[in-house]
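Undergrad:
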Amino acid sequence: MSGKLDLDPVTVRQARSLARKAGRPIVKLAQQHTTVSVERATLRLAGLGGADAEGTPWVNRLMDAVRADVGLEHGVALPVWDALARGEAEDLVTLAQKASAGSVRFRHPEGRDAQRARSASKRAVGGGIRRIDARRRERDRLIKKHGDAPRTPWIYLIVATGDIHEDIPQAQAAARAGADVIAVIRSTGQSLLDFVPEGATREGFAGTYATQENFRLMRAALDESSKELGRYVRLTNYASGLCMPEIAALAGLERLDMMLNDSMYGILFRDINPVRTFVDQRFSRQVHARAGIIINTGEDNYLTTADAVEAAHTVTTSQLLNEYFAKEAGLEDWQLGLGHAFEVDPAVPESFRLELAHALLARELFPKAPLKWMPPTRHMTGDVFRGYLLDGFFNLVGAMTGQSILLVGMMTEAVVTPWLSDRDLALQNVRYVLDAAGGLGEDFHPAPDGLIASRARQVLAETIDLLDRIVHDSDQAGDPPLLAAIADGTFGLMKRPPDGGRGLDGVARKARDYYNPASELLEEK
Amino acid sequence: MSGKLDLDPVTVRQARSLARKAGRPIVKLAQQHTTVSVERATLRLAGLGGADAEGTPWVNRLMDAVRADVGLEHGVALPVWDALARGEAEDLVTLAQKASAGSVRFRHPEGRDAQRARSASKRAVGGGIRRIDARRRERDRLIKKHGDAPRTPWIYLIVATGDIHEDIPQAQAAARAGADVIAVIRSTGQSLLDFVPEGATREGFAGTYATQENFRLMRAALDESSKELGRYVRLTNYASGLCMPEIAALAGLERLDMMLNDSMYGILFRDINPVRTFVDQRFSRQVHARAGIIINTGEDNYLTTADAVEAAHTVTTSQLLNEYFAKEAGLEDWQLGLGHAFEVDPAVPESFRLELAHALLARELFPKAPLKWMPPTRHMTGDVFRGYLLDGFFNLVGAMTGQSILLVGMMTEAVVTPWLSDRDLALQNVRYVLDAAGGLGEDFHPAPDGLIASRARQVLAETIDLLDRIVHDSDQAGDPPLLAAIADGTFGLMKRPPDGGRGLDGVARKARDYYNPASELLEEK
Amino acid sequence: MTTLVRPYGDTTGDGMVQISFTLPVPHSKRAEGAAQQLAAKMGLDPALVVHAKPMGPDYTFFVVYGRVHHLVDLDAVEVVERDYPLLTPKEVNAAIKRSLRRRLVVIGACIGTDAHTVGIDAILNIKGFAGEKGLEYYREIKVVNLGAQVSVPHLVDRAVAERADAVLVSQVVTQRDAHLLNTREMSAAFGEAFRAEERPLLVVGGPRFDEAMSGELGVDRIFGRGTTPGEVASFLVHRIAS
Amino acid sequence: MTTLVRPYGDTTGDGMVQISFTLPVPHSKRAEGAAQQLAAKMGLDPALVVHAKPMGPDYTFFVVYGRVHHLVDLDAVEVVERDYPLLTPKEVNAAIKRSLRRRLVVIGACIGTDAHTVGIDAILNIKGFAGEKGLEYYREIKVVNLGAQVSVPHLVDRAVAERADAVLVSQVVTQRDAHLLNTREMSAAFGEAFRAEERPLLVVGGPRFDEAMSGELGVDRIFGRGTTPGEVASFLVHRIAS
Ligand code: B12
Ligand code: B12
Ligand SMILES: Cc1ncc(COP(=O)(O)O)c(C=O)c1O
Ligand SMILES: Cc1ncc(COP(=O)(O)O)c(C=O)c1O
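Protein chains in written order, with our numbering: chain A, -19 to 505; chain B, -19 to 505; chain C, 322 to 563; chain D, 322 to 563.
1) Buried or exposed: Met(-19)/A, going by 16 or more other Cβ atoms within 10 Å of its Cβ?
2) Give a yes or no on whether the C-beta atoms belonging to Ala467/A and Asp448/A are separated by under 8 Å.
3) Can you tell which of Leu387/A, Gly378/A and Met391/A has the C-alpha that lies nearest to the C-alpha of Gly419/A?
4) Is there a C-beta anywhere in chain D that falls below 8 Å from the one on Asp404/C?
5) Tell me whether Arg265/A counts as near ligand 3, meaning its Cβ is closer than 7 Å to at least one heavy atom of that ligand.
6) For Tyr459/D, which residues of its own chain have a beta-carbon under 7 Å away from its beta-carbon, when the five flanking residues on both sides are left out?
7) Report yes or no: is there a C-beta of chain B within less than 8 Å of the C-beta of Gly452/C?
8) Consider the C-beta atom of Thr285/A and the heavy atoms of ligand 2; say whether any pair is separated by less than 7 Å.
9) At a CB-CB cut-off below 8 Å, which residues of chain B make contact with Lys374/D?
10) Whole angstroms is fine: what's the gap from Asp93/B's alpha carbon to Ala228/B's?
11) Would you mind reading off the limits of the beta strand (DSSP E) that contains Pro345/D?
12) Is Met360/B near ligand 1, judged by its Cβ being under 7 Å from some heavy atom?
13) Residues bridged to Phe332/A by DSSP?
14) Looking at C-beta atoms only, is the number of pairs between the segment 242 to 259 of chain A and the segment 195 to 213 of chain A that lie closer than 8 Å three or more?
15) Tell me whether the segment 251 to 271 of chain A and the segment 147 to 155 of chain A touch, counting them as touching only if at least three CB pairs, one residue from each stretch, are closer than 8 Å.
16) Given Thr297/A, which residues of its chain have a CB within under 7 Å of its CB, disregarding the five upstream and five downstream residues?
17) Go ahead and pull the three-state DSSP assignment for Met(-19)/B.
18) Please tell me whether, using a cut-off of 7 Å, the distance from the CB of Ala140/A to the nearest non-hydrogen atom of ligand 2 is below it.
19) Please compile the residues from chain D whose C-beta is within a distance smaller than 8 Å of the C-beta of His391/C.
20) Excluding the 5 residues preceding and the 5 following Arg476/A in the sequence, name in chain order all residues of the same chain whose CB lies nearer than 7 Å to its CB.
21) Can you check the segment 365 to 422 of chain B for any beta strand (DSSP E) of at least 3 residues that lies completely inside it and give the ranges in chain order?
22) Under 7 Å Cβ to Cβ from Arg366/A, same chain only, skipping five residues before and after it: list those, please.
23) Going residue by residue through the segment 332 to 404 of chain C, where are the continuous alpha helix (DSSP H) segments of at least 4 residues, counting only ones entirely within it?
24) Going along chain B, which residues have a C-beta under 7 Å from Val427/D?
25) Give me the Cα-Cα distance between Gly430/B and Ile162/A, rounded to the nearest whole angstrom.
26) Work out the CA separation of Ser420/C and Glu483/C for me, nearest whole Å.
27) Using 8 Å as the cut-off, can you tell me whether the segment 434 to 443 of chain C makes contact with the segment 485 to 498 of chain C, which would need three or more C-beta pairs spanning the two stretches below that distance?
28) Just reading off the alpha helix (DSSP H) that His475/D is part of, what are its end residues?
29) With a cut-off of 8 Å on the beta carbons, I'd call Val393/D and Ala355/C a contact; round off their distance for me.
30) Can you say whether Val(-10)/B is buried or exposed, counting buried as having 16 or more other CB atoms within 10 angstroms of its CB?
31) Using 7 Å as the cut-off, classify the Cβ of Ser167/A as near or not near the heavy atoms of ligand 4, replying yes or no.
32) Just checking, does the segment 44 to 54 of chain B make contact with the segment 7 to 21 of chain B on the three C-beta pairs under 8 Å criterion?
33) Taking 8 Å as the CB-CB limit, is Asp478/D close to chain A?
34) Let me know the beta strand (DSSP E) ranges lying completely inside the segment 518 to 548 of chain D, each 3 residues or longer, listed in chain order.
35) Can you list, in chain order, the residues of its chain with a C-beta nearer than 6 Å to that of Asp260/B? Leave out the 5 residues immediately preceding and following it.
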């Protein structure tokens, strides 16, 4: 699956090097800051779970107390393990309880105390990392035992009832009907919560809360299904939002297999502060890298607010940036589920061939990445018959261009969150297309100067232009150029200034003596 | 659109020469016989229309009377115009009326009487032929005036209410919605009637009777639509059945534009006697040739009773035979709407690519013929969503292989005769596929040894085998080998012996002094 | 298991259904209101008109989603359940041999102007259907398949001539209730031609029959969509040879 | 034109409709009977179950076609028709200038956890919708677009601070009636924060609202699917500046 477009390798290299240029200052920025969620994730890796009677997680309670006493800039680890060493409590939960009752005071340890806290915290967090490692080995073992998805693209289906106990049978039914990957859609609003809810939940809107317990329940259910079906069924959830690092940690601990994790989605679509996002993103991806989790990026979303033809190059640009950030965080090619979508207005002449051009460009730019191919949403209407047809042609593009992860489209996209029957009909659609036309790639050879190849070249050229503009962008504060570009509305037509958005108050520039055992362990390897 | 399969020209020539070999004895047979319907068509061309009070057409009345007196083998012309010359009646209708009242006796004129009858009949029939010629010129004029269909494939839609007055608004609505060709489906059972009903009719089952008046009404309505829409909208009906020659004459007189006319459909699917069919077919095609009508053959039907993969080569074989018979009857390449269909079981792996192979084979074997591409019917179920999808992929094969006439498939195929909304949805489907993927042929290049090219070669090879078996077939009566092959169930799994089936009693071997002015005029040119 | 259920969209008991239809009115807000009214009369509440498409100047097509409050009472469902045992071909043959001491004679046909023979052939021809051989395969059944477009008088004549035990008739075209008209004509003709005790068993089949209508149509049994030859053979034995 | 109509399949008055739904029962003849029963309760007679597909061991999906006998009475259709004149931007500006003598202040937001801004942006942003410019384009309208996921208290505060004449709220997510809950919360909060005469005009919009529910939800107007900015501007002028 290479060379159908005959892309110029020099141009491709140029695109990557521009992405690196745009990304590097952001990485630096991320290295220089920490966030409340990074610190809470560290506590979670050290084994602190649970919540108080009001549902506020202990990690939040503890973090807030530490911050109140010594600030965020040194990290949570030294003050916490110093307190433990000082005998303030026998374990983390007790410490958190006492802290929230106001009966512990934290300090920033120095010298040998600091040394002692450092090694204790590293030991504790190391336990969590080892659990993640064990989960990863377990996944490998189960895949070997049950077998993997029978073919690519993997068939990726969502469940979204809002109630984990309705989600589970629906997910199992979907797996039985052929899904290789189940994604549990999250409740609206969760991404703006600055804490991760606890326990099994039944009250989500248009999605189910991401909680450790929900992760566990669903993973166990799908393990059952994997056994029954003789193939390992993957589970996906969302890292995005104000708690990216923590959710990434929980996903690793509960053996999720994929996570939605985009470098800019939170900024653009949830108005989360850009610095907060980039810091959280880097940490969360380091955790995913360790956990062997495949990330799913969110370029598809751009095309729900911007036009899919005009903005095609912003997708490519974002893919290159996501790739750069991901690799910098330690993810390997096989973990890069870069997103893109079938969102060209069906009324545009040759829309299908434009989709082929875009999809093939992504395929050939990222030949080893498990691309995530998203179905039409924006131009779906209440005409469910037309919708079913569009989904079929979306599936066909997926088959013809060798996409890796096929997010199954629903005919009721413009109407309701998917019904049981929608999912069944959608799978029937996918199966027909893959079985009947799966090999059509063999006969698909875009004419060298035909519409498809020209269009792909054009999008790549526009990408380079845009990246070039980004690396030369600037703002008065002297922020990294990518931040300035985001502020200008470059992506998805959303303008997000570096000092705007939610969660900025959870960011701190690291002090010189900042210490985080998780980062140390994750970067070691 | 040529050379994608790289067919061996020697093999192609061999196939055609075998078809000629199989067809020639049948043509001879046809030349040696006449039928009641050929003779009645001759009377219709001479201007005899109308029916008696019971609805029996005057042509039937007159024919039966002549036959009772002098037999069929001399033809109807000489006895009839001899009677007129003898002053038995002043015109054909009166003669028919008297004849059915038993007040005329017919004789077979000899010598100068015969000469006189011959020229009188030729003059009379010549009038009808001239009307057909005028209608053809009128069509050319209207196409020039209004414009032709904007692109290929032509979009071909059926109406089938059973009531001409419901058909008309539906046909006009369909034209407005984009149909280039309207076909009025015929009532069940009409093809077995040995007469053509008269007048405007409202009582068909699953189709509307083919009558001269219905033809006229619908053509007038579509002329109106053509004017309104600025493109000439074509009208199709069915010649097939026991009255093929007469309906062909009426179609020419009423400026229909296409006619269903297959060399073997009547034999196989209506159990009409093979000799009757071949004789009627030849005459009717001579009329179509003169009228500038495009024929639609019926190979698609084979795949409703036989398996579309196993029997693919019977379609190709029949196409070659239909081509041979058509050209022998004077039709030109642009008039050969050879039929084929998207009927491979969707559950067969690579079914879509098999369809591509079959459709491309037809396209490349008959590069100048306006191929008629028929939608899935057999594997349609009550799952209308799935049906809508299959129709989309059918449309795509049509676009990718350059089909000329696209018979629009309906999602309710397995449920009801098409509803107004089915037709609208179906057109939306066609439009999407043609607009979005119409140019995909540019990028479609079957790998030389890939599945598609190999499959096409295989079908062609099986065709040659079959034709070879046909030309070497024989039966005890010494019938032409093709008749023997039909008796063996070679086509559509139907076994039809040469002396079985309906309508045999309407066939006669021509006497030495047989005369038919219509044949003479039609063969002159 | 409870015997009262509701449609299931996304959660138990949500009652969600989809409907589509055309109204002979030009598209407008009022037309959408009319669609809503119809949906309400069908029991949808709330009813969401999610798609309205003008088809020419006089018609509008609608897609509606909504919740119905009707309960489906599984206990009240009346279906023509198979009330006879399903036999293997061997058992069928044995039963016929035992009780009739001659071959059972079956005549098959598509009557009226219906020319759809695939269905009746699926029941009669050796080739069969869904992996089951057709009745011709049964040693103890004599099959006379008359094919398509057989007139009722001709069918009666042949039934008399062949001393048929059962007459199997297929009807696929249902437009304007063609299948019902033809079936009634057929059963009436057999009623006239035979004394009640001597009348052959009358069986009709086709994909769009309502299996519960046999009484109304004057036949002994109706077989619908997806019937297999084994079911038919078992029924014949049950009624004629046991 | 007659005011009583029926659905149109293929001929006038045939009453034909299509429905589909899932029942939480394993596939069986009984299940098909259950589907038939539901269709009958919806008024289909005859009802033809043309497709039944098992979805796992516990559910079956059905497609049913049939004739409904309900009549649609066009006269009885109640729709929220536009009861105000449609103005051009020029006329809107002129009317505001004339009657308010200051700019009309509009606040827009997606409230609750809803983050679908495309709809409200289509109404507010200059770019507009369906070829019409959005309210920002109107010289005499001041638009404050708060964006997505705005909490109700925050919205009320801003309305007070900006002395808003109208508050425009969008709700797209409807699962578990999120849009209704949020709208009710919003109207209640405004009811508490303002005296009746001083309360800004409350307008909500989104593709799945029932436009007839404004009374029930305590708002002044609901706009549905396909609303254009001009309609909204004209309504505001009609209610505030005339
Ligand atoms: C194949 C086919 C044809 C072939 C028939 C070839 C042949 N020799 O049979 C051809 C191409 C000739 C044909 C022609 C026409 N057809 Co046709 N055809 C079909 C098609 C595609 C499939 C039918 C089929 O073979 N099904 C497979 C068999 C195995 O299933 P079955 O018939 O249901 O049989 C099963 C059961 O019902 C039962 N069964 C059936 N009969 C009996 C009898 C007994 C005694 C028993 C026990 C059981 C039994 O057992 C069988 C096995 O399970 C359908 C559409 C569809 N996908 O269903 C249209 C369809 C049936 N045809 C239709 C029409 C209208 C026609 C025409 C009238 C169109 C026209 N005006 O030209 C013509 C004329 C035919 C005529 N005079 O009757 C309509 C009928 C509409 C309606 N509901 O009234 C359909 C539904 C298509 C459509 N939507 O318009 N057709
Ligand atoms: C674009 C889109 C998104 C984008 C939104 C980007 C953005 N900035 O808005 C993204 C990708 C972020 C997104 C995310 C989600 N989405 Co979304 N999304 C859509 C989509 C594809 C199109 C909506 C749209 O933009 N329509 C175009 C606009 C112009 O139309 P409109 O909203 O109807 O607005 C018009 C009128 O209604 C009216 N109007 C609307 N508001 C107002 C307000 C006023 C005052 C007035 C006067 C008029 C008015 O005027 C507008 C112009 O005519 C729809 C599916 C579809 N095809 O409809 C799903 C859809 C709305 N999304 C849905 C869901 C569930 C989600 C998620 C919750 C999924 C999840 N759990 O992750 C998330 C989270 C979002 C959240 N927290 O709310 C569901 C809602 C299901 C339901 N009925 O409850 C839908 C229907 C898809 C589905 N079938 O599941 N989504
Ligand atoms: C990368 C990414 N993250 C998260 C989400 C879901 O967003 P949220 O849970 O914030 O509503 C999406 C949307 O599909 C996405 O693409
Ligand atoms: C060539 C041809 N003739 C006639 C028909 C229609 O048959 P009839 O009118 O005999 O039922 C068909 C079927 O579609 C056909 O393909």
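Note that the Cβ used here is the ideal one computed from N, Cα and C, for glycine as well.
Since we're looking at a predicted model, the values are computed, not measured.
TA: On the basis of the supplied data:
1) Sequence index remark: in the first sequence, residue -19/A carries index 1 (1-based). A caution first: Met(-19)/A carries a pLDDT of 37, below 50, which makes its placement in the model unreliable, though a value can still be read off. Classification for Met(-19)/A: exposed.
2) The count along the first sequence starts at 1 and reaches residue 467/A at position 487. The count along the first sequence starts at 1 and reaches residue 448/A at position 468. Not a contact, by the Cβ cut-off of 8 Å.
3) Within the first sequence, numbered from 1, the residue matching residue 419/A stands at position 439. Of Leu387/A, Gly378/A and Met391/A, the residue nearest in Cα terms is Gly378/A.
4) On the third sequence, position 83 is the one that residue 404/C refers to. Taking Cβ atoms only, chain D never reaches closer than 8 Å to Asp404/C, which makes this a no.
5) Working through the first sequence from its first residue, we reach residue 265/A at position 285. Incorrect: Arg265/A has no Cβ contact closer than 7 Å to ligand 3.
6) Along the fourth sequence, read from residue 1 onward, the residue named residue 459/D stands at position 138. Contacts found: Pro410, Val413, Asn414 and Ala554.
7) By 1-based counting over the third sequence, the position of residue 452/C is 131. No, no contact with chain B.
8) Taking the first sequence and counting its residues from 1, the one referred to as residue 285/A is at position 305. Yes, the Cβ of Thr285/A comes within 7 Å of a heavy atom of ligand 2.
9) Counted from its first residue, the fourth sequence places residue 374/D at position 53. Simply Asp363.
10) Residue 93/B sits at position 113 when you count from the first residue of the second sequence. Residue 228/B sits at position 248 when you count from the first residue of the second sequence. When rounded, the distance between both Cα atoms is 30 Å.
11) Counting from 1 along the fourth sequence, the entry for residue 345/D is found at position 24. Counting along the chain, Pro345/D falls outside any beta strand (DSSP E), and DSSP gives it neither H nor E.
12) In the second sequence, the residue the question calls residue 360/B occupies position 380. Met360/B: yes, Cβ under 7 Å from ligand 1.
13) As a working mapping, residue 332/A is identified with position 352 in the first sequence. According to DSSP, which records beta bridges pairwise, Phe332/A is partnered with nothing at all.
14) no
15) Counting Cβ pairs under 8 Å, fewer than three are found: no touch.
16) Against the first sequence, residue 297/A aligns to sequence position 317. Cβ neighbours of Thr297/A beyond the five flanking positions: Thr443, Leu446 and Leu447.
17) Here residue -19/B corresponds to residue number 1 of the second sequence, with the count starting at 1. Note that Met(-19)/B scores a pLDDT of 37, beneath 50, so its modelled location is shaky; the value from the coordinates is reported in the next line. Coil.
18) Indexing the first sequence from 1 puts residue 140/A at position 160. It does: the Cβ of Ala140/A is within 7 Å (strictly closer) of some heavy atom of ligand 2.
19) Numbered from 1 along the third sequence, position 70 holds the residue referred to as residue 391/C. Ordered by position in chain D, the residues that pass the 8 Å Cβ test against His391/C are Leu359, Lys362 and Met363.
20) Position 496 of the first sequence, counted from the first residue, corresponds to residue 476/A. Correct list, in chain order: Ile247, Leu248, Asp251, Pro254, Ile466 and Ala467.
21) The qualifying runs are 385 to 387.
22) Mapped onto the first sequence, residue 366/A falls at position 386. Around Arg366/A: no qualifying Cβ.
23) 350 to 362
24) One-based indexing of the fourth sequence puts residue 427/D at position 106. In chain order: nothing, as chain B lies at least about 38 Å away.
25) As a position in the second sequence, residue 430/B is number 450, starting the count at 1. As a position in the first sequence, residue 162/A is number 182, starting the count at 1. Whole-angstrom Cα-Cα distance: 35 Å.
26) Taking the third sequence and counting its residues from 1, one reaches residue 483/C at position 162. Taking the third sequence and counting its residues from 1, one reaches residue 420/C at position 99. The alpha-carbon atoms of Glu483/C and Ser420/C are separated by roughly 19 Å.
27) yes
28) Here residue 475/D is taken as the residue at index 154 of the fourth sequence, counted from 1. Val473 to Glu483 is the extent of the alpha helix (DSSP H) around His475/D.
29) In the fourth sequence, counting from the first residue as 1, residue 393/D sits at position 72. In the third sequence, counting from the first residue as 1, residue 355/C sits at position 34. Sure, about 5 Å apart at Cβ, within 8 Å.
30) Mapped onto the second sequence, residue -10/B falls at position 10. Under this definition Val(-10)/B is an exposed residue.
31) Looking up residue 167/A in the first sequence gives position 187. Not so, every heavy atom of ligand 4 lies at least 7 Å from the Cβ.
32) Touching, yes, given that three or more Cβ pairs across the two stretches are closer than 8 Å.
33) The residue given as residue 478/D occupies position 157 in the fourth sequence. It does not; no Cβ of chain A falls within 8 Å.
34) With a minimum length of 3 residues, the continuous beta strand (DSSP E) runs that stay inside the segment 518 to 548 of chain D are 522 to 526 and 542 to 544.
35) Residue 260/B sits at position 280 when you count from the first residue of the second sequence. Cβ neighbours of Asp260/B beyond the five flanking positions: Thr15, Ser17, Met224 and Pro225.
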